[in-house]
Amino acid sequence: MIRPESEAELSAAIRGATGPLRIIGGGTRSIGRAQGEVLSTTGLTGITLYEPGALTIVAGAGTPLAELEAALAAENQRLPFEPPLTGALTGATGQSTIGGVVAANASGPRRIQAGACRDSLIGVRFVDGRGDVIKNGGRVMKNVTGYDLVKLLAGSYGSLGVISEVAFKVLPGVEATATVVVQGLDEQRAVEAMSTALGSPYEVSGAVHDPARQMTLLRLEGFAESVAYRSGKLQQTLAQFGDVSVEDSVDWTAIRDASLFAGGRGDLWRISVKPSDGAALGTLLGEAPRLYDWGGGLIWAEVPSGFDLRSVMGGFKGHATLVRGQGCGPVFHPEPAPVAALSKGVRAQFDPRGILNAGIMD
Amino acid sequence: MEMPVPNGAVIARKQQLVARLQAVLPRDAVIHEPLETRVYECDALTAYKCAPLAAVLPSTTAEVSAVLKICHEMGVPVVPRGAGTSLAGGALPTADCVILGVAKMNDVLETNYADRYIRVQTGRTNLSVTGAVEEEDFFYAPDPSSQLACAIAGNIGMNSGGAHCLKYGVTTNNLLGVTMVLMDGTVIELGGAHLDAGGLDLLGVVCGSEGQLGVVTEATLRILRKPEGARPVLIGFDSNEVAGACVSDIIKAGVLPVAIEFMDRPCIEATEAFAKAGYPMCEALLIVEVEGSDAEIDMQLGVISDIARRHNPVELRESTSAEESAAIWLGRKSAFGAMGQINDYMCLDGTIPVSSLPYVLRRISELSKDYGLGVGNVFHAGDGNMHPLILFDANKPGDLELCEQMGADILKLCVEVGGCLTGEHGVGVEKRDLMQTQFDAVDLEAQLRVKDVFDPQWLLNPSKVFPLSVTQGRRSLAA
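The listed protein sequences derive, respectively, from chains A and B.
Take the first sequence: its position 35, counting from 1, is numbered 35 in the working numbering, and each next residue is one higher.
Take the second sequence: its position 234, counting from 1, is numbered 1234 in the working numbering, and each next residue is one higher.
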């Protein structure tokens, strides 16, 4: 295993590599089938800049997510996109790193309100497949200087470069959280209820439906008075859907982490479609355990091993990614030929030798 | 400012080019008479002009594809144009180029309130996107100050922002998908009504690529439900430092205002003389706006005012009605016009870390003295995006050059303190030659390589964004 402790060492390691490298942070978001000598980013640690008054934080890619979140919490701030800890889904025991979060563009329930990881990410430093150190973006939240490689690196799973440092726009923490709960809805009605809530002015920061328990959950966050006001209003708005209550003890961490699927044995897929397609697609999956997040636009589904999920997706626009299991077909969703050609071209430019997590996103 | 020598061989084939374009477009969609092409000789960076070889105004994605295919085959550079409101010269033509304007493509293709998106042709103006959904109390969040005129195509090209990005983000955070035509005529779709990319986030790099990777003809945009209400508070201070500290304290207190606007004394004075908004005469003025129900607004304004009082403001005015809100915003909204009354001005767009605000303002006022040119500062303080307005006299020989030099010094200062050259206007030709102050050769090369993939012959808007010396080898591929 190679474990550089500086960007310069990282650069030298890649420059000198003679074969494929498998890039790993905490190993909790392991996905796909890349092979090669392990290159760990866990030596690139430390928060290098944190200015609470400017809502910005910069850290080495190997910094544990927990360390970053603790530093933010001490100033009553947080990462807006609520990164999930999904290691338990694949039986991983390591500690999630912030670089891994970025490489996977990992975003939780608040993604529908505050955007994905890529939306909060304002700067990156990375080392490409040649060993060149490249910076893009910076530490300010409004920046259109040159091409936005920051977005391109988010969710590239180490296939364009090894991220060495990341910068985020953060947000204030909240005083109170409440969950408006609707009971007894089928999937179709649940998505309608979530759409109604998300189309209201009450700033819903999480919209989830658990079909097994027939529970639809809508989260509100902010100052206590404001949350009380909005949860009352939202309760009224959703009364047309049935039995509505307000609860303050819903476990949003378990929802965020899709804990429902930990320890399962089937293939686990993460499917992104437009919310109104979500229920229709979900019901085609029959008895398969599933969970709707993002107002119905994100479906976690556990299907029997080897099940051809993408053929069921058929005409629905969107994409499905295999998170666990043998699956059927590629791990990442196949792209139309001209788009696939562009992606391939971009990868060849950043990693001409094809040594960084080769084939991971194929 | 230097532009590349036009390709004589391309100009010599004008007749043939026009004939081929006329074969795939309606007659009135191909503009080639020298008198008529002059309409397209510049955008809102009016200091620079050059009539294009021809301009085309296609109505469909298929027509855009046909045009690009022809230009690709004939090796003709193409400069995409939205509404021509770029302050950075993003749509400035070269004499050997075809201007591809999307102004005729302004239809709403689909509105979906349940899934909260709208799909439009990209010639549609920013404000008319909101116009299409406001009956249902929805809106499109990015709000550049040119929103009445600017097109979504240009917003995507420049990744435009606005006054409300502190809460809602900029174009890239509200763009879900595009239909785009590559230089060889291939039509692709990136993203859609669903969230996030299934593979590499190509949409993320297309947004803000200043028309250099493809021509975006259709866009799927996130629409949001309007808040119940919004009201500002106006706070005056007797020093920039204190105003800066107050901004920082507001942010730290957990309030997330939808906008924090900042004006300095020269700007306040100009504005008062022009719009008579009743602003206090002081060194620095903040306008902080929050959203929600009446009670929520009162509560947030209360928190903000408490913080402000700890900084001994010379004025503190909480709006309690729509009339009072309008009065508070009146001066800010007339600031650019007010400065324009005094003289010609150049509007800069650098971003700085909020913590450097007092230092940067002090340095700008020193530069103003050194150059003998007045500067007013009005900007989005919450996100550090500054808009220094440098006053000059366009009729006085040498004044424009002096102003540009001073502007460059201010932008270098922004980079020096950890910020960037442009926060929302884009690089265009205006800041092209400053790119090396922010990026080293390797950083730039990585960006150029992306263009190599999308546009291997470097025909799309080739003389923008990057210093000409850096792109020379690539641009000569097409020649």
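For every residue, glycine included, the Cβ atom is placed at its ideal position computed from N, Cα and C.
If you draw a straight line from the Cα of B:Ala-1394 to the Cα of B:Pro-1093, it comes to about 22 Å. In this structure, A:Pro-338 sits near B:Ile-1188, with a CB-CB distance shorter than 8 Å. Residue range 224-238 is occupied by the alpha helix (DSSP H) that includes A:Tyr-229. Counting the other CB atoms within 10 Å of its CB gives A:Pro-83 a total of 16 or more, which places it among the buried residues. Counting only unbroken stretches of 3 or more residues, the beta strand (DSSP E) elements lying wholly within the stretch 1296-1336 of chain B are 1315-1318, in sequence order.
Close to chain A, meaning a Cβ-Cβ distance shorter than 7 Å, are the following residues of the stretch 1395-1418 of chain B: Gly-1418. When CB distances to chain B are screened at a threshold of 7 Å, the residues of the stretch 269-296 of chain A falling below it are Ser-272, Val-273, Lys-274, Pro-275, Ser-276 and Trp-294, in chain order.
Between the stretch 1366-1386 of chain B and the stretch 123-142 of chain A, the count of C-beta pairs closer than 8 Å reaches three or more; the two stretches touch. Three or more Cβ pairs closer than 8 Å define a contact, and the stretch 1299-1310 of chain B falls short of that threshold against the stretch 1405-1421 of chain B. About 7 Å separates the CB atoms of B:Gly-1214 and B:Val-1206; that is less than 8 Å, so the two are in contact. With fewer than 16 other CB atoms across the displayed protein chains lying within 10 angstroms of its CB, B:Asn-1312 is exposed. When the beta-carbon positions are compared, A:Leu-322 and A:Val-312 stay at least 8 Å from each other.
In this chain, B:Lys-1049 is not harboured by any alpha helix (DSSP H), its DSSP state being neither H nor E. For the 8 Å CB-CB criterion, B:Val-1290 and B:Ile-1260 do not form a contact. By DSSP's assignment, A:Pro-64 forms a beta bridge with A:Thr-97. Secondary structure remark: continuous alpha helix (DSSP H) runs of at least 4 residues inside the stretch 1178-1262 of chain B, in chain order: 1202-1206 and 1240-1252.
Collapsing the DSSP output to three states places A:Gly-318 in a strand. Here B:Ile-1011 is exposed: its Cβ has fewer than 16 other Cβ atoms, across all protein chains shown, within 10 Å. When DSSP reads this structure, A:Trp-300 sits in a beta bridge with A:Arg-270 and A:Leu-291.
Among the CB atoms of chain B, none fall inside 8 Å of the CB of A:Gln-235. Interface flag for A:Glu-225 against chain B is set, since a Cβ pair is found closer than 8 Å.
A distance below 8 Å separates the beta carbons of A:Thr-237 and A:Ser-200.
Proximity of chain A to B:Pro-1227 at the Cβ level (cut-off 7 Å) is accounted for by Pro-201, in chain order. Taking a Cβ-Cβ cut-off of 9 Å, the neighbours of B:Ile-1188 in chain A comprise Pro-336, Pro-338, Val-339 and Leu-342, given in sequence order. For B:Ser-1248, a Cβ of chain A is located within less than 8 Å of the residue's own Cβ. Per the coordinates, the alpha-carbon of A:Leu-39 lies some 20 Å from the alpha-carbon of A:Ala-348. Beta-bridge analysis with DSSP links A:Glu-51 to A:Thr-56.
Scanning the stretch 318-345 of chain A from its first residue to its last, no whole alpha helix (DSSP H) run of 4-plus residues comes out. By alpha-carbon distance to A:Ala-207, the top candidate from A:Phe-223, A:Ala-59 and A:Leu-234 is A:Leu-234. Residues of the same chain with a CB within less than 7 Å of the CB of B:Pro-1353, apart from the 5 flanking positions on each side, are Gly-1384, Val-1417, Gly-1418 and Gly-1419 in chain order. For B:Gln-1438, at least one C-beta of chain A is nearer than 8 Å to its own C-beta. Chain A has a Cβ within less than 8 Å of the Cβ of B:Cys-1207. Taken in chain order, the complete beta strand (DSSP E) segments of 3 residues or longer contained in the stretch 1003-1089 of chain B are 1054-1056 and 1078-1081. Around the beta carbon of A:Gly-325, a 10 Å sphere encloses 16 or more other beta carbons of the protein chains shown; the residue is thus reported as buried. One Cα belongs to A:Pro-172, the other to B:Ala-1253, and the distance between them is close to 8 Å. Three or more pairs of CB atoms, one per stretch, sit closer than 8 Å, so the stretch 1222-1241 of chain B contacts the stretch 1320-1333 of chain B.
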